[in-house]
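Participant:
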Amino acid sequence: MSKTSTGSEAKGGWGSDRSIERSFARLRLSEILRDYGIYIVLVVITIAFSLTTTRFATLSNLILILLQVSVMGIIAIGMLFVILSKGIDLSVGSILAIAGIFSGLLAKQEPTVASVALAMGVPLLLGLACGLMNGYLVAWGRLPPLIVTLGTMYAFRGLIVWYHVNPIYQLQPWFRTLGQEKIGPIPIPIILLLCVAGLASVVLNRTRFGRYIYAVGGNEDAARATGINVNLVKLCVYAISGFCCGLAGLLFTSRLGAAQSISGVGFEMVAIASVVVGGASLFGGRGTVGKTLVGALLMQIVQSGLVMLDVSSPIQQAVLGLIIILAVKVDLSVQTHEEGRQRPMSLLRGMFSSGAK
Amino acid sequence: MARMAVNAMALRRSFRVEGSRALFSGAAPRLIVRMVGVSKSFVGTQAVRNVDLEFLAGEVHALVGENGAGKSTLMRVLAGTYTDYTGDIFFDGRPTKLHSPRVARELGIAMVHQDLSLVQELSVAENMFLGREAPSRIPGLINRRLVEKEAGTILAEIEAGISPTQKVNQLSLAKQQLVEIAKGISTHSQVLILDEPTSSLTKPEIEDLFRVIRSAREKGVAVIYISHKLPEIFAISDRITVMRDGVKQKTRAVDEWNEAELVREMVGRMLDEFFPRRHVYLHEEPVIEVSGLTLSAHFVDVSFSVHRGEVVGIYGLVGSGRTRLAKTIFGLSQPDCGQIRLDGKPVEIRTPADAIANKIALVPEDRRGLGLVQVLDVGKNLTLAHLKALSSLVFIDNREERELVQENIAALNIRTPSTRLPVSALSGGNQQKVVLGKWLSTKPSLLILDEPTRGIDVGAKAEIRNKIDALAADGMGILLISSELPEIMGMSDRILVMRDKRVAGEFGRAEFSEEAIGSLAIAGRQ
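In order, the protein sequences belong to chains A and B.
Quick note: the first sequence uses this note's numbering, first residue 1, plus one each step.
Quick note: the second sequence uses this note's numbering, first residue 1, plus one each step.
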């Protein structure tokens with residue numbers, strides 16, 4: 001970063017050199033708060049729980065927390081893609097249930113190559129298909145994301161409950177490997193989560209497609225006028241979210257050793273909360289994978305910590321709710337300096353409108 | 001007909017003779033606002049530094065300066081938007097702390113913002129009386145009829161030609177501006193602040209506005225007029241204050257200024273020429289030939305060509321179809337019929353991606369809405385249109401990207417402390433340079449510029465015009481759309497005039513005259 005680059009000799013509105021430096025110090029501080037604030041909060045909360053409970057700061061507990069967060073983390077990463085494009089996906093829980101039921105049904109056979117491939121592949125493809133349907137309706141159907149995914153949330157759920165209302169138990173032992181085994185000391189779900197996160201991070205930071213997602217979310221019209229295929233980008237982000245839900249459904253079923261058509265109810269809210277606590281903007285165009293994971297982790301850590309402190313579950317919920325509001329408030333107050341005013345109305349309008357002119 | 005006086009000098013003269021100048025006639029004018037040592041800073045900049053300024057009843061006080069000079073910031077302090085200022089403000093001689101927009105409003109300070117702040121979904125009347133609705137007999141409800149009647153009276157008074165029941169989102173940008181002004185007037189303000197009020201108005205509309213401003217002045221209102229357009233400033237103001245880099249330079253009566261001096265105070269140096277034209281157009285082969293292009297709601301049967309190294313200007317009033325024409329050539333709208341040939345070959349352009357592939361670039365009129373992604377940083381905005389060339393397979397080459405960004409920043413003299421700053425933090429002129437840089441990266445052979453210097457400061461205007469001239473000299477074909485007649489005449493080799501959806505005429509450089517071009521654009525409209 002070349003400081004003041006061409007600015008120092010010019011008479012633009014940047015003032016004298018000394019005042020530039022002073023204002024930069026301030027800019028840096030707010031930048032640091034914005035970029036790393038959530039990590040600081042995570043560390044502080046972890047330390048607080050470590051001091052107040054005895055079993056919290058142990059390696060096994062750390063792994064347990066990561067294990068618990070793995071399914072939600074994968075869904076939240078998919079959700080991040082959608083939210084970055086200024087959309088929202090409420091159907092994640094229902095897609096998870098579809099993927100879960102089908103993986104359960106396919107996991108009752110003996111472990112042949114074909115049955116393993118089907119049990120692993122079909123849920124992913126179903127998730128992808130559901131996501132593509134969301135994306136198609138949002139992009140080419142020119143319908144508001146909130147409405148589309150609210151509709152498919154109910155539709156997918158209704159269909160899967162109708163298709164298979166009873167829970168599926170007694171899955172083959174080979175199927176449970178995915179959710180319950182370890183590679184070395186680390187459970188497979190954690191490894192999967194980290195793989196998904198790594199891949200997502202590369203896509204968002206290093207590829208053209210990733211850059212286009214930020215552009216579409218930041219200003220759809222400008223993105224279109226820059227030659228970006230906005231509809232394709234939208235289709236892809238919902239497809240990614242659907243695929244992540246498929247994977248999450250597979251993991252979820254495998255961990256539990258059972259599949260239910262009512263799994264994942266309310267997951268959409270936890271996923272959105274994770275993304276938002278992680279500092280992503282519902283206005284689109286701002287957010288990172290790392291911080292989304294931290295957001296998900298933060299919610300899980302608080303919950304686990306409260307359990308250890310014997311806080312009752314309704315109070316846990318209330319605390320989590322407050323954390324969501326607080327996190328966004330802190331984030332906004334850091335941002336307002338630099339990004340100027342953004343009108344709350346436009347958020348609502350964005351959610352409820354299709355973006356079509 | 002006075003409306004047709006397009007020439008700036010004539011405009012000035014015609015305005016001067018009308019209206020008594022309250023400031024200099026009769027009793028000593030009353031001091032309404034006195035600012036002493038007012039400062040305001042943001043993260044990254046000290047926007048206003050230690051400004052002393054006075055505003056009198058019954059004067060039009062122009063506040064001029066480059067973008068980023070602090071004039072809008074200073075006025076937002078006065079309007080109560082920025083409350084964390086330092087210094088003292090006296091209103092009617094009493095020290096006043098402007099700690100909220102409400103306080104300012106109750107004192108009678110009204111501000112019409114540069115970027116419109118109307119609620120698009122509400123009617124004109126509802127917008128004008130937002131927050132001070134007339135109560136109905138049934139408590140809690142609004143007396144809509146009364147509100148609409150009052151709004152109608154004000155709108156008729158300023159002859160805006162707008163119905164109070166119309167929804168704001170159905171009005172043109174120019175009409176919305178008039179609604180904003182009517183809203184300011186409806187509060188019976190003592191101080192009326194107009195921030196760039198004419199940026200989207202046509203000549204007749206500007207004259208309407210000026211009439212309204214003069215009537216406000218006669219009623220003893222202090223009108224503060226922020227603008228870039230020097231002829232207008234000379235036409236309407238009684239006193240002119242120049243700001244530069246957040247500091248007040250000088251305040252003087254309008255008669256004591258001349259244009260060159262004013263510009264020098266604004267930019268801190270003498271601009272020897274406003275309109276550089278060093279490129280010499282020699283008849284070369286056409287880059288683009290458009291024939292019979294029609295999009296019936298916006299333009300009909302448009303034919304023209306642009307040659308290599310030629311600047312073709314399109315002049316016309318807002319609504320004459322020029323912006324839509326540009327968007328259609330760029331693939332943002334589909335024409336009903338007509339043909340476009342590039343380098344002699346017919347092409348079909350369905351999307352902006354097609355246009356880019358055919359080496360066409362569009363710097364759009366609406367910088368905020370179409371030009372930039374405000375939340376992304378300067379660097380990412382600069383390379384957004386050119387990522388394909390910067391990436392192998394799907395991955396972006398970071399080093400190449402950084403190099404391209406640095407090249408652009410140097411070539412266009414973009415003033416930014418960091419390439420990682422959100423582009424929204426830059427001044428208007430620098431944002432416009434980013435848009436230009438973004439499109440020049442794609443190395444177009446046809447560059448369409450729609451109002452490339454609107455709403456930016458004098459210095460940046462000159463830089464952008466210099467750049468356009470240099471690009472033409474390098475052989476780029478340029479289609480320049482502008483509603484600034486001096487600009488389009490200064491820059492172009494040929495001018496097409498659009499009126500009522502059609503190309504009404506064409507002028508070669510030898511035939512340029514403000515009278516002829518201006519009246520052709522206006523003729524038949526009333």
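From the three backbone atoms N, C-alpha and C, an ideal C-beta is built for every residue, glycine too.
Please list the residues of the stretch 349-373 of chain B that have a C-beta atom closer than 9 Å to any C-beta atom in chain A, keeping them in chain order.
Facilitator: Of all residues in the stretch 349-373 of chain B, Thr351, Pro352, Ala353, Asp354, Ala355, Ile356, Ala357, Leu362, Pro364, Asp366, Arg368, Gly369, Leu370, Gly371, Leu372 and Val373 have a Cβ within less than 9 Å of some Cβ in chain A.
Participant: Would you decide whether Gly508(B) is buried or exposed? Buried here means 16 or more other CB atoms lie within 10 Å of its CB.
Facilitator: Per the 10 Å Cβ criterion, exposed.
Participant: Please check if any C-beta of chain B sits within less than 8 Å of the C-beta of Arg286(A).
Facilitator: It does; some Cβ of chain B falls within 8 Å.
Participant: To the nearest whole angstrom, what separates the beta carbons of Ile77(A) and Val196(A), a pair I think is in contact under 8 Å?
Facilitator: Yes, they are in contact, since the Cβ atoms of Ile77(A) and Val196(A) sit about 6 Å apart, within 8 Å.
Participant: Pick out whichever of Val328(A), Leu297(A), Ser313(A) and Ala318(A) has its Cα sitting closest to the Cα of Ile45(A).
Facilitator: It is Leu297(A) whose Cα lies nearest to the Cα of Ile45(A).
Participant: Excluding the 5 residues flanking Leu216(A) on each side, which residues of the same chain have their C-beta closer than 6 Å to its C-beta?
Facilitator: At residue 216(A) the sequence reads Val, which differs from the Leu that was named. The residues are Ser85, Ala223, Val230 and Val233.
Participant: Output needed in chain order: residues of the stretch 147-175 of chain A with a Cβ under 8 Å from some Cβ in chain B.
Facilitator: For the stretch 147-175 of chain A, which is checked against every Cβ of chain B, not one residue is closer than 8 Å.
Participant: Skipping 5 residues on each side, what residues in its chain have a beta carbon closer than 6 Å to that of Lys40(B)?
Facilitator: Within the same chain, Lys40(B) has close Cβ partners Ala47, Val48, Thr73, Val77, Tyr82 and Tyr85.
Participant: So Thr545(B) is in the alpha helix (DSSP H); what residue range does that whole segment cover?
Facilitator: Lying before the first or after the last residue shown, residue 545(B) is absent from chain B, which here runs from 1 to 526.
Participant: Buried or exposed: where does Gly264(A) fall if 16 or more other Cβ atoms within 10 Å of its Cβ makes it buried?
Facilitator: The residue is buried, with at least 16 neighbouring Cβ atoms inside 10 Å.
Participant: Kindly identify the DSSP beta-bridge partner or partners of Ala222(B).
Facilitator: Its beta-bridge partners are Val191(B).
Participant: Can you tell me which of Val33(B), Tyr315(B) and Ile162(B) puts its alpha carbon nearest to the alpha carbon of Leu192(B)?
Facilitator: Answer by Cα proximity: Val33(B).
Participant: Which residue comes first and which comes last in the beta strand (DSSP E) that contains Leu496(B)?
Facilitator: Arg494 to Arg499 is the extent of the beta strand (DSSP E) around Leu496(B).
Participant: In chain B, which residues lie with their C-beta within 7 Å of the C-beta of Asp221(A)?
Facilitator: Going along chain B in sequence order, the residues near Asp221(A) (Cβ under 7 Å) are Gly369 and Leu370.
Participant: Under 8 Å between beta-carbons, which chain A residues line up against Ala385(B)? List them in chain order, please.
Facilitator: Correct list: Thr226 and Gly227.
Participant: Please list, in chain order, the chain A residues whose beta carbon lies closer than 8 Å to that of Leu376(B).
Facilitator: Those are Tyr214, Ala215, Gly218 and Gly285, listed as they occur along chain A.
Participant: Excluding the 5 residues preceding and the 5 following Leu230(B) in the sequence, name in chain order all residues of the same chain whose CB lies nearer than 6 Å to its CB.
Facilitator: Counting only Cβ-Cβ distances below 6 Å, and skipping sequence neighbours, we find Glu259.
Participant: Less than 7 Å between the CB of Ile45(A) and some heavy atom of the ligand ADP, yes or no?
Facilitator: Absence of the ligand ADP from the depicted structure is noted, as is the absence of any ligand whatsoever, leaving it without description.
Participant: Is the stretch 297-311 of chain A in contact with the stretch 62-78 of chain A, if contact means three or more CB pairs nearer than 8 Å?
Facilitator: Flag = yes, the stretch 297-311 of chain A and the stretch 62-78 of chain A touch.
Participant: Would you mind telling me which residues of chain A sit closer than 7 Å to Val394(B), beta carbon to beta carbon, in chain order?
Facilitator: Going along chain A in sequence order, the residues near Val394(B) (Cβ under 7 Å) are Thr207, Arg208 and Phe209.
Participant: Quick one: Cα of Leu209(B) to Cα of Ala62(B), how far?
Facilitator: Their Cα atoms are separated by approximately 15 Å.
Participant: Identify the residues that DSSP records as bridge partners of Asp377(B): which are they?
Facilitator: BP columns for Asp377(B) point to Pro422(B).
Participant: Could you check which residue in Ile478(B), Ile396(B) and Gln431(B) has the C-alpha nearest to that of Leu412(B)?
Facilitator: Comparing Cα-Cα distances from Leu412(B) to each of Ile478(B), Ile396(B) and Gln431(B), the minimum goes to Gln431(B).
Participant: Looking at Thr253(A) and Gly100(A), is the spacing between their C-beta atoms short of 8 Å?
Facilitator: The answer is yes: Cβ separation under 8 Å.
Participant: Hey, quick one: how far does the alpha helix (DSSP H) through Lys183(B) stretch, first residue to last?
Facilitator: From DSSP, the alpha helix (DSSP H) with Lys183(B) extends over Leu173 to Ser186.
Participant: Taking the C-alpha atoms as reference points, what is the distance between Ile206(B) and Thr198(B)?
Facilitator: So the two alpha carbons sit approximately 6 Å from each other.
Participant: Can you tell me which of Val51(B), Ile409(B), Lys203(B) and Arg94(B) puts its alpha carbon nearest to the alpha carbon of Met75(B)?
Facilitator: Measuring from the Cα of Met75(B), the nearest candidate turns out to be Val51(B).
Participant: Does the count of Cβ pairs from the stretch 415-422 of chain B and the stretch 333-345 of chain B closer than 8 Å reach three?
Facilitator: Not touching, per the Cβ criterion.
Participant: Excluding the 5 residues preceding and the 5 following Val423(B) in the sequence, name in chain order all residues of the same chain whose CB lies nearer than 8 Å to its CB.
Facilitator: The residues are Leu372, Val373, Gln374, Leu376, Asp377, Val378, Asn381, Gln431 and Val434.
Participant: Return no unless some Cβ of chain A is closer than 8 Å to the Cβ of Val247(B).
Facilitator: Judged by the 8 Å Cβ criterion, Val247(B) is not in contact with chain A.
Participant: Using a Cβ-Cβ cut-off of 8 Å, state whether Leu63(B) counts as contacting chain A.
Facilitator: Answer no: the Cβ-Cβ gap between Leu63(B) and chain A never drops below 8 Å.
Participant: Using the Cα positions of Val318(B) and Leu201(B), report the straight-line distance between them to the nearest angstrom.
Facilitator: Rounded to whole angstroms, Val318(B) to Leu201(B) spans 8 Å at the Cα level.
Participant: Rounded C-beta distance between Asn134(A) and Val148(A)? I'm assuming under 8 Å.
Facilitator: Going by Cβ atoms, the distance from Asn134(A) to Val148(A) rounds to 6 Å, so yes, they are a contact pair.
Participant: If you reduce the DSSP assignment to three classes, tell me which class Tyr238(A) lands in.
Facilitator: In the structure shown, Tyr238(A) sits in a helix (DSSP, three-state: H, G or I).
Participant: His188(B): buried (16+ other C-beta within 10 angstroms of its C-beta) or exposed?
Facilitator: The residue is exposed, with fewer than 16 neighbouring Cβ atoms inside 10 Å.
Participant: If the criterion is Cβ atoms closer than 8 Å, does the pair Arg211(A) and Lys388(B) meet it?
Facilitator: No; because the gap between Cβ atoms is not below 8 Å, this pair is not in contact.
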